[in-house]
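Read through the structure below, which is laid out as structure tokens, and then see the notes.
Numbering (UniProt numbering), first residue to last: 1 to 455.
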């Protein structure tokens, strides 16, 4: 009986669709709605059954044949205007995101926004995203932003979970305790010492034969790196996440070449018939430079730099494309203008590419340079083009680095505050009483000093 009443009422008033939007009652021409079949109201008309229509609205009034939508009546006036004119105008003074969510609900694309409002609307959206990224409020960093292996739940079901978590935080979080700060300081010292030793060993007097004292110090640093890595590997709650972490991969690379070098050198001593084994040793020693990347574990700046590269691959790709185009064009132009000049040193296009690279990056080594007037004009254009091409994406990358850096600081502060809440057992009343007692004692001594001259 209900279905029969619905279809009878629908046939009697077939020209209009009755809607109630948050208390605003309107009759919308069905012929206009059918011009937009992908919108919500257009889909509602295209439905063949009452059940399908009710799924697209919030309620239905059988007596008045009216569809109810619990949405903003103010914003629906602009949606209704779009159905009538085919032009969607953004509401001035209303949040761009709220308006975008409203149009998405009604099945209308942002591309339908008229040109008179499109620029301001999209700029408002971009500014809202920038404000979200630039917020310094530490409350913006939630529990989901904290690294999973810092959560207590990860250690709950593990063998000796509480002890493993304490050791994990001792090695991973410098703000956890005084002991963790000492370990972090010793780790930083070991990294810097090993890098200095690597530089000293490259001096001519140490190049052929390493100093025994320096060798012993470097071995001590490597042993510390190895024990630190093994300790973190043993207490980690997830071996898979541990080995997929780029910082742990860097730690592994920092000391593995040392042991491989020992093995290769022992093989070289026992078997002199092997060739090019010395070059292998040189390559392995060169890999020691990766130890400096261990500083990323203790530096928010280096962590932010890595996150910036990870999130700015599109901008970096654009920068590489811009530079490649400029190098190819100006390298060929400078070769064509300076190939007859011996003084310029630009005798081939690859040399022209090298000149264009150092010119566009404003380095200018001076090994090759144009000498003709036309070549100097090409050089000036190359420098200006390089400045413009580098500046455009670098600005975006810098802004993203700033956001990543503030985010790393916020995550570190969140971890510190969580541990402080767990370990703090200070009674506020006791602290207040102690401070009040010390204040009264100071005041009493001051009164004695002022009264003693009078006596």
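No residue lacks a Cβ here, since even glycine has one placed at the ideal position from N, Cα and C.
Remember, predicted model here, so these are calculated numbers, not experimental data.
1) Between which two residues does the beta strand (DSSP E) carrying residue 24 extend?
2) For the region 246 to 255 against the region 220 to 230, are there 3 or more C-beta pairs whose distance is under 8 Å?
3) How is residue 20 classed by DSSP in three states: helix, strand or coil?
4) Examine the Cβ distances between the region 307 to 318 and the region 327 to 335 and report whether three or more of them are shorter than 8 Å.
5) Give the straight-line distance between the Cα atoms of residue 121 and residue 320, rounded to the nearest whole angstrom.
6) So what does DSSP say about residue 158, is it helix, strand or coil?
7) Terminal residues of the continuous alpha helix (DSSP H) containing residue 83?
8) Tell me the residue span of the beta strand (DSSP E) that contains residue 67.
9) Between the region 70 to 77 and the region 19 to 27, can you find at least three pairs of beta-carbon atoms closer than 8 Å?
10) Thinking C-beta only, is residue 306 closer than 8 Å to residue 405?
11) Taking the alpha carbon of residue 163 as the point to measure from, which residue in 103, 214 and 237 has its own alpha carbon closest?
12) Using the three-state DSSP reduction, which class does residue 405 fall into: helix, strand or coil?
13) What is the C-beta distance between residue 188 and residue 179, in whole angstroms, given that I count them as a contact (C-beta under 8 Å)?
14) I believe residue 352 touches residue 369 by the beta-carbon criterion, under 8 Å. Please report the beta-carbon distance rounded to the nearest angstrom.
15) From what residue to what residue does the alpha helix (DSSP H) around residue 318 run?
16) Return helix, strand or coil for residue 176, following the three-state DSSP convention.
17) Where residue 219 and residue 402 are concerned, what is the direct C-alpha to C-alpha distance, given to the nearest angstrom?
18) Suppose you measure from the CA of residue 385 to the CA of residue 350; what does that come to, to the nearest Å?
19) Quick one: what's got a C-beta closer than 6 Å to residue 383's C-beta in the same chain, skipping five residues either side?
20) Just the C-alpha distance for residue 400 and residue 343, rounded to the nearest angstrom, thanks.
21) DSSP has residue 60 in a bridge; who is on the other side?
22) Taking C-alpha atoms, which residue in 103, 190, 365 and 317 lies nearest to residue 294?
23) Is residue 297 a contact residue of the ligand GDP, with contact defined as CB to any heavy atom under 7 Å?
24) Return helix, strand or coil for residue 295, following the three-state DSSP convention.
25) From which residue to which residue does the alpha helix (DSSP H) around residue 46 run?
26) Helix, strand or coil for residue 346, going by three-state DSSP, please let me know.
27) Quick test of your reading: residue 356 and residue 380, contact by CB under 8 Å. State the CB separation rounded to the nearest angstrom.
28) Have a look at the DSSP bridge pairing and note the partners of residue 113.
Per the coordinate set shown:
1) Bounds of the beta strand (DSSP E) holding residue 24 are 24 to 29.
2) The region 246 to 255 vs the region 220 to 230: in contact.
3) Residue state, collapsed to three classes: strand.
4) No, the region 307 to 318 is not in contact with the region 327 to 335.
5) Cα to Cα, the separation comes out at about 31 Å.
6) In the three-state reduction of the DSSP assignment, residue 158 falls in the coil class.
7) First-last of the alpha helix (DSSP H) with residue 83: 73 to 85.
8) Where residue 67 is concerned, the enclosing beta strand (DSSP E) stretches over 66 to 69.
9) Yes: the two stretches touch, three or more of their Cβ pairs being nearer than 8 Å.
10) Taking 8 Å as the Cβ cut-off, residue 405 and residue 306 do not qualify as a contacting pair.
11) That would be 237, whose Cα lies nearest to the Cα of residue 163.
12) Residue 405: helix per DSSP, three-state reduction.
13) The pair is not a contact, with the Cβ atoms about 15 Å apart (cut-off 8 Å).
14) Residue 352 to residue 369, Cβ: 12 Å. No contact.
15) Per DSSP, the unbroken alpha helix (DSSP H) holding residue 318 starts and ends at 313 to 338.
16) DSSP places residue 176 in coil when its eight states are reduced to three.
17) Using only the alpha carbons, I get a separation of about 38 Å.
18) Rounded to the nearest angstrom, the two C-alpha atoms are 19 Å apart.
19) Only 359 meet the Cβ criterion.
20) Taking the straight line joining both Cα atoms gives about 44 Å.
21) Answer is 67.
22) Among 103, 190, 365 and 317, the Cα nearest to that of residue 294 is on 190.
23) As for the ligand GDP, it is missing from this structure, which has no ligand bound.
24) If DSSP states are grouped into helix, strand and coil, residue 295 belongs with the helices.
25) Residues 40 to 46.
26) Correct three-state label for residue 346: coil.
27) The Cβ separation is near 13 Å, so there is no contact.
28) Paired residue(s): 88.
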